[in-house]
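Student: Quick note on this note's numbering: the sequence shown kicks off at 29 and runs consecutively.
All C-beta atoms in this analysis are idealised placements derived from N, C-alpha and C, irrespective of residue type, glycine included.
Supplied in structure tokens, the structure appears directly below.
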Amino acid sequence: MKTTFSYLERVWKRKPLGSLVKRDLVDVADFLRDFVSERHQRPLSYKAIQRQLGEVRSFLRWAIGKDYL
């Protein structure tokens, strides 16, 4: 999850959770699709992107449950 939050921070900067819109989620998906690993010099695999998006989904569900969204 630590990696996921670093990706979210790169895309959303310090945007408040309450101001997120659907376009922000599309931006995360686009970022993951275009991201090239600095360590391996390769784009993320389809499976890695799906895992990251699943973690984003879990985080957003948690935020909704806590009334942050």
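Please classify residue 56 as buried or exposed, where buried requires at least 16 other C-beta atoms within 10 Å of its C-beta.
Tutor: buried
Student: Would residue 91 and residue 36 qualify as a contact pair, given that the criterion is a beta-carbon distance under 8 Å?
Tutor: no
Student: Do residue 97 and residue 48 have their beta-carbon atoms positioned less than 8 Å apart in this structure?
Tutor: The answer is yes: Cβ separation under 8 Å.
Student: Quick one: is residue 64 buried, meaning 16 or more other Cβ sit within 10 Å of its Cβ, or exposed?
Tutor: Around the beta carbon of residue 64, a 10 Å sphere encloses fewer than 16 other beta carbons of the protein chains shown; the residue is thus reported as exposed.
Student: By a C-beta neighbour count over all protein chains shown, 10 Å radius and 16 as the cutoff for buried, is residue 80 buried or exposed?
Tutor: Of the residues assessed, residue 80 falls on the buried side of the cut-off, its CB having 16 or more other CB atoms within 10 angstroms.
Student: Following the continuous alpha helix (DSSP H) through residue 33, name the residue where it begins and the one where it ends.
Tutor: 30–40
Student: So what's residue 56 in DSSP terms, helix, strand or just coil?
Tutor: helix
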